[in-house]
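Asker: The working numbering numbers the first residue of the sequence shown as 12 and each following residue consecutively. Structure in structure tokens, see below.
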Amino acid sequence: MAGIRLLVVGGYSEEERWRVPRLPRPGEPVHAENFERRPGGKAFHQAVAAAHSDAGVGLIAAIGDDVIDPSGLPPLVDARWQVVSGIRTGRSGLFEDSRGQTLAVLSSGANDHLDAAFVAAQGDMFDDASVLLASAEANIDTIAAALEFAGARRMLRILDPGPLPPRLSVREFASTDVLLLGLHEFAQACGRFLSIEITAQAVTGMDDTTINALARRLCAGTVVVSLDKSCLVSHGADRHDDHADVYRVPSCGHGDAFKGTLAARLTMPGSFRDALTAACDRSV
């Protein structure tokens, strides 16, 4: 596909969603009000969101050899699927109650088998794109390799590490230009990599100087922390055309729609703040 500006590498899963009047208690079944099955996973949703921002998108992910049709991608997405023999496609079960509270269960399946050689074989996508958006929902060694491939081509490398997998390490953070962390992920990363045990609630009470100091220890590049009602940006050496090293935008972006839109916007002219603001507005 000509015109690819953003390359998304990460996880694909078949999503099963249950709408329930309330979340079940241990040992108690609850009758669902609605059920649907649809394609999903971080990389899939991010690629769809990016395409809706009119960016040409390449998608690399793994599926099993079970009967799966990962349909629903917009025309602007060129998908390359690694089919893993003898392995089921990833699955996710999501339970949502009437108040919007959710429970999620993930089964990685073929995502754990995404192979670095398969990713490297899609070199035309790396050559065409200017931005890589990688999610840690797939084989973490392959994600690390994808970040290295992109770095060799001087692409802007964005990492979505949540939920933090057990084998995630500072290796991936060190190969990242833009690190996207939710409130809970930021607290977990501080505990795992900085040996600073803090809660998500404690982070919400921190001032910008404190959050920035922690962010600078986590990643040399730009760190975006999605807080309750704002996004804090902590820039490293590259401000990406912003005027300040540290600032907040007064709206908060969450989820894959936010991340895919931000990555798409960063393929276009303009400052990081403008891209972030547009992504936050899109995810509301």
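Here a beta-carbon is modelled for each residue, glycine too, at the ideal position from N, C-alpha and C.
Per the DSSP calculation, R48 is bridged to which residue(s)?
Answerer: Locating residue 48 in the sequence shown gives position 37, where the first residue counts as 1. DSSP output for R48 lists E27 as bridge partner(s).
Asker: Taking the alpha carbon of H195 as the reference point, which residue from P172, G38 and R182 has its own alpha carbon closest?
Answerer: Here residue 195 refers to the residue found at position 184 when the sequence shown is read from its first residue. Comparing Cα positions, the closest option is P172.
Asker: Which whole runs of the alpha helix (DSSP H) in the segment 244 to 277 are 4 residues long or more, in chain order?
Answerer: 266 to 276
Asker: Counting Cβ pairs, one atom from each stretch, are 3 or more of them under 8 Å apart for the segment 97 to 105 and the segment 114 to 129?
Answerer: Yes, the segment 97 to 105 touches the segment 114 to 129.
Asker: Are I71 and V20 closer than 8 Å when you measure CB to CB?
Answerer: As a position in the sequence shown, residue 71 is number 60, starting the count at 1. As a position in the sequence shown, residue 20 is number 9, starting the count at 1. Yes, the Cβ-Cβ distance between I71 and V20 is below 8 Å.
Asker: Please classify E183: does DSSP put it in a helix, a strand, or coil?
Answerer: Position 172 of the sequence shown, counted from the first residue, corresponds to residue 183. Three-state DSSP puts E183 in a helix.
Asker: Starting from the C-beta of E27, find all residues in its chain whose C-beta is less than 6 Å away, skip the five residues before and the five after it, and write them out in chain order.
Answerer: For the purposes of this step, residue 27 is taken as the residue at position 16 of the sequence shown. For E27, where only same-chain residues beyond five positions count, the Cβ hits under 6 Å are R48 and G104.
Asker: Where DSSP assigns a beta bridge to F106, which residues make up the other side?
Answerer: Locating residue 106 in the sequence shown gives position 95, where the first residue counts as 1. Residue pairing by DSSP puts F106 in a beta bridge opposite W29 and L114.
Asker: Would you list the residues sitting across from Q93 in a DSSP beta bridge?
Answerer: Here residue 93 refers to the residue found at position 82 of the sequence shown. Answer by DSSP bridge pairing, in chain order: A73.
Asker: Quick one: residues in its chain with C-beta nearer than 7 Å to the C-beta of S64, no 5 flanking neighbours on either side, listed in chain order?
Answerer: For the purposes of this step, residue 64 is taken as residue 53 along the sequence shown, with counting starting at 1. Answer for S64: T272, A275 and R276, listed in chain order.
Asker: In whole angstroms, give me the CA-to-CA distance for I98 and D77.
Answerer: Against the sequence shown, residue 98 aligns to sequence position 87. Against the sequence shown, residue 77 aligns to sequence position 66. Straight-line Cα distance between these residues: approximately 8 Å.
Asker: Would you list the residues sitting across from R168 in a DSSP beta bridge?
Answerer: Along the sequence shown, one-based indexing puts residue 168 at 157. Per DSSP, L143.
Asker: With DSSP run on the structure shown, which of helix, strand or coil describes I15?
Answerer: Residue mapping note: residue 15 aligns to position 4 of the sequence shown, counting from 1. DSSP places I15 in strand when its eight states are reduced to three.
Asker: State the Cα-Cα distance for the pair M12 and I207, rounded to the nearest angstrom.
Answerer: One-based indexing of the sequence shown puts residue 12 at position 1. One-based indexing of the sequence shown puts residue 207 at position 196. Bear in mind that the predicted position of M12 carries a pLDDT of just 47, short of 50, making it too unreliable to give a figure here.
Asker: Can you tell which of F197, C242 and C230 has the C-alpha that lies nearest to the C-alpha of V214?
Answerer: Your numbering for residue 214 matches position 203 in the sequence shown. From the listed residues F197, C242 and C230, the smallest Cα separation to V214 is found for F197.
Asker: Give the DSSP-derived three-state secondary structure of V41 in the structure shown.
Answerer: One-based indexing of the sequence shown puts residue 41 at position 30. Note: V41 maps to coil in three-state DSSP.
Asker: Helix, strand or coil for T233, going by three-state DSSP, please let me know.
Answerer: Indexing the sequence shown from 1 puts residue 233 at position 222. It is a strand residue.
Asker: Could you check where the beta strand (DSSP E) with G193 kicks off and where it finishes?
Answerer: The residue labelled residue 193 in the question sits at position 182 within the sequence shown. Where G193 is concerned, the enclosing beta strand (DSSP E) starts and stops at V189 to G193.
Asker: Helix, strand or coil: how does DSSP classify G101 here?
Answerer: Numbered from its first residue, the sequence shown carries residue 101 at position 90. DSSP places G101 in strand when its eight states are reduced to three.
Asker: Which partner residues of V20 appear in the DSSP bridge assignment?
Answerer: Counting from one through the sequence shown, the residue named residue 20 turns up at place 9. BP columns for V20 point to I71 and A145.
Asker: Is H124 closer than 8 Å to V94 when the C-beta atoms are compared?
Answerer: If you number the sequence shown from 1, residue 94 lands on position 83. If you number the sequence shown from 1, residue 124 lands on position 113. With respect to the 8 Å criterion, V94 and H124 are not classified as neighbours on the basis of their beta carbons.
Asker: Three or more beta-carbon pairs under 8 Å between the segment 36 to 47 and the segment 149 to 167, yes or no?
Answerer: Too few Cβ pairs lie closer than 8 Å, so no.
Asker: Using only the alpha-carbon positions, how far apart do T288 and G38 sit?
Answerer: Walking along the sequence shown from the start, residue 288 turns up at place 277. Walking along the sequence shown from the start, residue 38 turns up at place 27. Each residue's alpha carbon lies about 44 Å from the other.
Asker: Is it buried or exposed for R33, if we count other Cβ within 10 angstroms and need 16 for buried?
Answerer: Position 22 of the sequence shown, counting from 1, holds the residue named residue 33. R33 is exposed by the Cβ-count criterion.
Asker: Using the C-alpha atoms, what's the distance from I151 back to R178?
Answerer: For this step, residue 178 is matched to residue 167 along the sequence shown. For this step, residue 151 is matched to residue 140 along the sequence shown. Rounded to the nearest angstrom, the two C-alpha atoms are 7 Å apart.
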